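Novice:
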Amino acid sequence: MRVARSWLLGTSVAAICGIGGTAEAQTRRFDVPAQSASTGVLVFAHQAGIQILVSTPVAAGVRTNRVQGSMDVTAALRMLLAGTDLVPVRTGGAITLKRQPAISHAAYTPAADQPVAAPAEQPAAPPPAAPAEAAPDDAQDIVVTGIRASLQQSINVKRAAGNIVDVITAQDIGKLPDQNVAESMSRITGVQITRREGDGSNFTVRGISQNRLEINGRTFLGPGAGGNASLESVSPEIIASIVVAKSPTADMPEGALGATVNLKTKRPLDLADLVVSGRVQGAYTDQAKHLGYRGSALVSKNFSDTLGVLASAAYSNTHTRGYSFDTGGWTRTNNIDGNGDGVNDPGLFRPNRFMARIFDRQEQRLTLNSSIQYRPADQWEIILDGTYTRLKRERSSANYQILLNDNDMGAVADENGTVVSGTFNNVTVRPLVYDEPTEFRSTNLGFSTKYDGDIVKVSADASYSKGRGTDGGPGASFAYVVVPRAGRTANATIDFTKGNPVPDLDLTSNFDLNDPSQYQLASVFDGDNITDNSGYDGRVDFTILTDFGPLQSIQVGSRYEKIQFYSESPQSLPTAASLLGRGDLNGDGIITVDELPGLTYGNDQGSFYPGVDGDFPRDILGGTVDKTVARDTLGLPLPRADNIPLGRVSIKDVEQDTLAFYAKGNFTGEIAGLALTGNAGVRYVTLERVSSGYLSDTQPTQAKARFDYWLPSANASLDLRRNLTFRLAAAMVVARPGLNDVGVSFIPLLVSRTGSRGNPTLRPFEATQYDATLEWYFAPSSALTAAAFYKKVNSFTINVTQSETIVGLSEQIDPSTGQPYGQFQITQPTNGSSGTIKGFELAYQQSLRFLPAPFDNLGVQANYTFVDSKTPLIDEATQAALPLPGLSKNSYNLIGFYEDKTFMLRVAYIWRSSSLTGQGSAAAGGSSYAAARGQLDMSAQVNLTPNVRLTVEGINLTRSVERAYLQTPLRLSSSGREDRRVFFGVAATF
Ligand SMILES: [Ca+2]
Ligand SMILES: [Ca+2]
1 MRVARSWLLG
11 TSVAAICGIG
21 GTAEAQTRRF
31 DVPAQSASTG
41 VLVFAHQAGI
51 QILVSTPVAA
61 GVRTNRVQGS
71 MDVTAALRML
81 LAGTDLVPVR
91 TGGAITLKRQ
101 PAISHAAYTP
111 AADQPVAAPA
121 EQPAAPPPAA
131 PAEAAPDDAQ
141 DIVVTGIRAS
151 LQQSINVKRA
161 AGNIVDVITA
171 QDIGKLPDQN
181 VAESMSRITG
191 VQITRREGDG
201 SNFTVRGISQ
211 NRLEINGRTF
221 LGPGAGGNAS
231 LESVSPEIIA
241 SIVVAKSPTA
251 DMPEGALGAT
261 VNLKTKRPLD
271 LADLVVSGRV
281 QGAYTDQAKH
291 LGYRGSALVS
301 KNFSDTLGVL
311 ASAAYSNTHT
321 RGYSFDTGGW
331 TRTNNIDGNG
341 DGVNDPGLFR
351 PNRFMARIFD
361 RQEQRLTLNS
371 SIQYRPADQW
381 EIILDGTYTR
391 LKRERSSANY
401 QILLNDNDMG
411 AVADENGTVV
421 SGTFNNVTVR
431 PLVYDEPTEF
441 RSTNLGFSTK
451 YDGDIVKVSA
461 DASYSKGRGT
471 DGGPGASFAY
481 VVVPRAGRTA
491 NATIDFTKGN
501 PVPDLDLTSN
511 FDLNDPSQYQ
521 LASVFDGDNI
531 TDNSGYDGRV
541 DFTILTDFGP
551 LQSIQVGSRY
561 EKIQFYSESP
571 QSLPTAASLL
581 GRGDLNGDGI
591 ITVDELPGLT
601 YGNDQGSFYP
611 GVDGDFPRDI
621 LGGTVDKTVA
631 RDTLGLPLPR
641 ADNIPLGRVS
651 IKDVEQDTLA
661 FYAKGNFTGE
671 IAGLALTGNA
681 GVRYVTLERV
691 SSGYLSDTQP
701 TQAKARFDYW
711 LPSANASLDL
721 RRNLTFRLAA
731 AMVVARPGLN
741 DVGVSFIPLL
751 VSRTGSRGNP
761 TLRPFEATQY
771 DATLEWYFAP
781 SSALTAAAFY
791 KKVNSFTINV
801 TQSETIVGLS
811 EQIDPSTGQP
821 YGQFQITQPT
831 NGSSGTIKGF
841 ELAYQQSLRF
851 LPAPFDNLGV
861 QANYTFVDSK
871 TPLIDEATQA
881 ALPLPGLSKN
891 SYNLIGFYED
901 KTFMLRVAYI
911 WRSSSLTGQG
921 SAAAGGSSYA
931 AARGQLDMSA
941 QVNLTPNVRL
951 TVEGINLTRS
961 VERAYLQTPL
971 RLSSSGREDR
981 RVFFGVAATF
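So the sequence shown is residues 1 to 990, counted in full-length UniProt numbering.
Encoded structure:
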């Protein structure tokens, strides 16, 4: 019964806790140094891929043997325990180590136990007997399945690692309600994610965005800006574990200031001989009021123990709706009277606009993954991996804008100079509709091979990646920019004082604002963001085993990587006047809305921001537009760098070559009778970068940069007590700036008169970091850990914003105002001076097995991170020091679960405090912040049969609002709310 249950837990967990004889008969490669039993057993269990339980008193004072080479798990276990008085005993679905003779311990009832291997004195013992079919209930205390097995597995990996890591494993990933791999990552201590349109899309570790993302230890290159992977398109179902390494070792590829995050995909020989699993779910989104679906399937087959083939696919088709409000920034002005004394007051801030947006999206995501694993000989392994992801998002949005001005009557300014209410006369009303699709595709191929000789181990790895995208949104693609026809005027009374996600707005006008025939074309906005990235890397690593005092082994290796990143962000803005020939059908000198091809107005989008308090227009004019029809009919050029004026200056074409060598020693020893393990090494990195682009449409340019670094690192781990480990780590690290920042490019945003410029001379971040952790594993599946970190950053990248006149652009007339564009606020990354990042993390997880039934099925996971930073960033408006952008000082995760034989419930809450998102100029309202936000997610599962279960998952259950502001919370810059998403269906594993 219990054995069957361990199989039903799923594909990924079969190897973790499915001790059905198969796992023990498998040949594995072992490299377990002699050490204290409390860590030796964990290292061994990790390498064996099985679950072994050993209680604290049993492990006390015992040292386990060195296990070296390829052999079956049973033989290896025998070697590990030879000469000790520890005996492996099978209890239900797990192996427990006991003293010989068995220690009497309430939780370790020996009655039902069967020895799985003879004591070390009898090496000729027969292989393990078949597992007990039914163990008595009192043995259940030590049979770890489901979430608990997963927590224990994560603990095992963390304890066995030579550096400071945090881990989440497949069973956990599968039981969390996550839509994509970024959301799974967010459950790990210190990892925070940013969301885009309701999906986790990017991440920081300990508040730091300069991290390295790997898939199976290789650079995870994708279609995003700078070559980033599109995490929102990667299904968690292909992942076996996520390992977040917070302190580096010399053999790890450089490039992380925060952490290296490795997504390990599932591999067949880690699973049972034949696994077939699948899932079908309905996907309900409550703002879109749409029922979509998602499904996944995995087949893994092993042919003997030498060849395994795995293939999986995940597909989803959903509709989502998002609401957002946006002021488009704030403007400092001297032309408004903010206290009613009839005299204008200098330095007040007024909102640029009131913009209401309703996004409707139809999304299809596909993730394909395959792996072939071949062991032609005991010591030799070959693996081929392939992953393909595609995200297609058809997005149309109603974008209702009221452009504000300095013509503000009855304005009230608060003590910060923020105009919090007033009546703006002669505002421009623009009911726009956008057609803005996004598509990301990426392919990652990998080959690796290992030969584990008795003295020398060799591994080689090569990979190729390609990612392409067209990202037209939000707001980056096609719209007809319409304005009221002559003689139509409107006034807007706006009030931010209630602190709602949308300010109160009262519009008065001499025309029907929701009548499309009252508007005419001012210009067309047609833009896109196109990426075409590719790269390959290769590495070779040698491990030489030694018996030279405490030095256990020496590792040396080399790695080469080439990345090519290309992006262009063309924007075409033809004016109405230039389109009269094709667009003015009746020859009256203007292009009215009914003359615009591909455009349909209507109120199909429904009410704006239902359920949010506030007195603002709910019934906004929306519609749809088809940009293909528009371009064809009006003869508009496709927005590509080569097709349109100023197109080429947006090109970022960066080629980056990195070559690295390293040497590292691994040691074990004792200090004052305490077991000490560790490693120390150095990595040499040389990086060459060529940034190509254009200064004007006809003037190509190129800039080269080269950097060399020596990066020493050391990790040490000391077992203070049997279940108490202290670790110290120190390293010099570099984090390359995002390739998106180092292109020769200039990208203007005409609407906001802002823009960005790349910097091809930007240097990597360099930092020296120190880490310490104290890890207490006080019970099975339970841990209490504390970590402290300090990073001295020698060269921050800072964004500098300055006012510029852009020749060829500033003098052009903005069709929405009739005035020249004038000055632009241009932001450029530059090398800054030094600073520090420091903080601590606390993590606690426990299975509440000591409680009376049924509460003993409860468990809790909680973690908290505090981060503080000192940077050279100065707020231009207040002259105060600013923290690192993206860093939330406080963040936490709280997960509670209940799991018994038939039912599982998991509730997860994530919260982070406010964070600086960008350094802004005082003239534009000051620096930008994201407000604190929490999100509640849950998942539940009912096991109908050992193979089939019902599943329900809910995301964003409280439908929490995301808010951003400038300088002070009342200077609201945006707010947004996404769907509550519910998935329900059936899953089966055979
Ligand atoms: Ca005044
Ligand atoms: Ca006309």
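No residue lacks a Cβ here, since even glycine has one placed at the ideal position from N, Cα and C.
Just so it is clear, the structure is predicted and the values come from calculations on it, not from any experiment.
Excluding the five sequence neighbours on either side, which residues of its own chain have a C-beta within less than 6 Å of the C-beta of arginine 375, listed in chain order?
Specialist: Closer than 6 Å at the Cβ level, and outside the excluded window around arginine 375, lie Thr306 and Glu381.
Novice: For ligand 2, is there any heavy atom lying closer than 7 Å to the beta carbon of leucine 579?
Specialist: Outside the cutoff, so no.
Novice: Which term fits alanine 134, buried or exposed, when burial requires 16 or more other beta carbons within 10 angstroms of its beta carbon?
Specialist: Residue confidence is low: alanine 134 scores 33 on pLDDT, short of 50, so the model does not pin down where it sits. No coordinate-derived value is stated.
Novice: Let me know if phenylalanine 44 comes out buried or exposed under the rule of 16 or more other beta-carbons within 10 Å of its beta-carbon.
Specialist: Phenylalanine 44 is buried by the Cβ-count criterion.
Novice: Check for me: the alpha helix (DSSP H) holding lysine 627 runs from which residue to which?
Specialist: Run containing lysine 627: 627-634, per the alpha helix (DSSP H) assignment.
Novice: Does DSSP put isoleucine 155 in a helix, in a strand, or in coil?
Specialist: Correct three-state label for isoleucine 155: helix.
Novice: So arginine 42 and asparagine 156 are supposed to be a Cβ contact under 8 Å. How far apart are they, rounded?
Specialist: Arginine is not the amino acid found at residue 42; the sequence shown has leucine there. That belief holds up - the Cβ atoms of leucine 42 and asparagine 156 are roughly 5 Å apart, short of 8 Å.
Novice: Which residues have their C-beta within less than 5 Å of a heavy atom of ligand 1, listed in chain order?
Specialist: That gives Asp337, Asn339, Asp341, Val343 and Asp345.
Novice: Run the CB neighbour count on isoleucine 955, radius 10 Å, all protein chains shown included, and call it buried at 16 or more, exposed below.
Specialist: Buried, since its Cβ has 16 or more Cβ neighbours within 10 Å.
Novice: What residues match up with alanine 881 in a beta bridge as DSSP calls it?
Specialist: Answer by DSSP bridge pairing, in chain order: Ile874.
Novice: What's the gap between the Cα of leucine 505 and the Cα of asparagine 405?
Specialist: Spanning the two alpha carbons is a distance of roughly 15 Å.
Novice: Can you name, in chain order, every residue of its own chain whose Cβ lies under 6 Å from the Cβ of glycine 926, other than the five neighbours on each side?
Specialist: Cβ neighbours of glycine 926 beyond the five flanking positions: Ala877, Gly920, Leu966 and Gln967.
Novice: For a test of the three-state rule: what should DSSP assign to glycine 985, helix, strand or coil?
Specialist: DSSP places glycine 985 in strand when its eight states are reduced to three.
Novice: Taking 7 Å as the cut-off, is the beta-carbon of glutamate 595 closer than that to any non-hydrogen atom of ligand 2?
Specialist: Result yes, Cβ under 7 Å from ligand 2.
Novice: Give me whichever residues DSSP pairs with arginine 706 in a beta bridge.
Specialist: Answer is Glu688.
Novice: Is it buried or exposed for arginine 706, if we count other Cβ within 10 angstroms and need 16 for buried?
Specialist: Label assigned to arginine 706: exposed.
Novice: Compute the Euclidean distance between the alpha carbons of alanine 117 and alanine 48, then round it to the nearest angstrom.
Specialist: Because alanine 117 carries a pLDDT of 32, less than 50, the predicted location of this residue cannot be relied on, and the following value inherits that uncertainty. So the alpha carbons of these two residues sit roughly 15 Å apart.
Novice: Please go through the same chain and pick out, in chain order, the residues whose beta-carbon is closer than 7 Å to the beta-carbon of glutamine 140, but skip the five residues on each side of it.
Specialist: Caution is warranted here: a pLDDT of 30 is assigned to glutamine 140, below 50, making its placement in the model unreliable, and no coordinate value can be reported.
Novice: May I have the straight-line CA-CA distance separating leucine 972 from valine 482, to the nearest angstrom?
Specialist: Cα to Cα, the separation comes out at about 26 Å.
Novice: Under a three-way DSSP split, which group does serine 891 fall into?
Specialist: Reduced to three states, the DSSP call for serine 891 is strand.
Novice: CB-CB under 7 Å to glycine 738, same chain, minus the five flanking residues each way: which ones, in chain order?
Specialist: Hits under 7 Å: Gly226.
Novice: If threonine 797 and aspartate 719 are in contact, beta carbons under 8 Å, what's the gap, nearest whole angstrom?
Specialist: No, threonine 797 and aspartate 719 are not in contact; Cβ-Cβ is about 40 Å, not under 8 Å.
Novice: Whose C-alpha, out of Gly347, Thr785 and Phe30, is nearest the C-alpha of arginine 727?
Specialist: Ranking Gly347, Thr785 and Phe30 by Cα distance to arginine 727 puts Thr785 first.
Novice: Say the cut is 7 Å; is the CB of leucine 521 nearer than that to a heavy atom of ligand 2?
Specialist: Result no, Cβ not under 7 Å from ligand 2.
Novice: Would alanine 675 and threonine 761 qualify as a contact pair, given that the criterion is a beta-carbon distance under 8 Å?
Specialist: No.
Novice: For asparagine 666, name the three-state secondary structure that DSSP assigns.
Specialist: Strand at asparagine 666.
Novice: Quick one: residues in its chain with C-beta nearer than 6 Å to the C-beta of serine 692, no 5 flanking neighbours on either side, listed in chain order?
Specialist: Around serine 692: Asp653 and Gln702.
Novice: Quick one: using the 10 Å Cβ neighbour count with 16 as the cut-off for buried, is glycine 976 buried or exposed?
Specialist: Classification of glycine 976: buried, given that the 10 Å Cβ count is 16 or more.
Novice: If you follow the beta strand (DSSP E) that glutamine 192 is part of, which residue opens it and which one closes it?
Specialist: Where glutamine 192 is concerned, the enclosing beta strand (DSSP E) stretches over 191-196.
Novice: What did DSSP end up calling methionine 355 once you bin it into helix, strand or coil?
Specialist: Note: methionine 355 maps to strand in three-state DSSP.
Novice: Using DSSP with H/G/I as helix, E/B as strand and the rest coil, what is glutamate 237?
Specialist: Glutamate 237 falls in the helix class under three-state DSSP.
Novice: Whole angstroms are fine: how far does the CA of arginine 294 sit from the CA of phenylalanine 203?
Specialist: Straight-line Cα distance between these residues: approximately 24 Å.
Novice: Taking 7 Å as the line, does the beta carbon of leucine 585 fall inside it for any heavy atom of ligand 2?
Specialist: Checking every heavy atom of ligand 2 against the Cβ of leucine 585, one is found closer than 7 Å.
Novice: Can you check which of these residues, Gln845, Ile671, Thr194 and Gly417, is closest to proline 969 by C-alpha distance?
Specialist: Per the Cα distances, Gly417.
Novice: What residue from Phe359, Asn317 and Leu842 has the CA that sits closest to serine 607's CA?
Specialist: Ranking the options by Cα distance to serine 607, first place goes to Phe359.
Novice: Beta carbon of residue 1006, beta carbon of serine 803: below 8 Å?
Specialist: No information on residue 1006 is available, as it lies outside the stretch 1 to 990 that the chain covers here.
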